[in-house]
Amino acid sequence: MNALAIENLSHSFGTRQVLQNVSFTVAEGRMCILLGRNGAGKTTLFSLITGLY
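Take 1 as the starting number for the sequence shown in the numbering used here and just add one per residue.
Printed below as a string of structure tokens:
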């Protein structure tokens with residue numbers, strides 16, 4: 001069973017698309033780490049998942 005499932009998530013700030021078709025699953029009882037360079041969309045992704053946006 002999955003604790004988290006994201007399918008085809010996209011997000012834009014105005015005309016600037018910052019996430020495009022992001023998909024992944026995290027199985028129950030597992031941990032996930034999100035790595036990326038500055039400006040890659042890590043905080044935006046987390047904010048969308050948690051409902052801050």
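Even glycine gets a Cβ: it sits at the ideal position worked out from N, Cα and C.
**Study point:** Reference Tyr53; option with closest CA among Ile6, Glu7, Phe13, Cys32
**Key:** With respect to the C-alpha of Tyr53, the residue from Ile6, Glu7, Phe13, Cys32 having the closest C-alpha is Phe13.
Review point. Among Leu45, Arg30, Lys42, Arg37, which has the Cα closest to the Cα of Asn2?
Key: Closest option to Asn2, Cα to Cα, is Arg30.
Point to revise | Residues that DSSP places opposite Ser12 in a beta bridge | key: Paired residues: Gln17.
**Study point:** Counted within 10 angstroms of its Cβ, other Cβ atoms place Leu45 as buried (16 or more) or exposed
**Key:** Flag for Leu45 reads buried.
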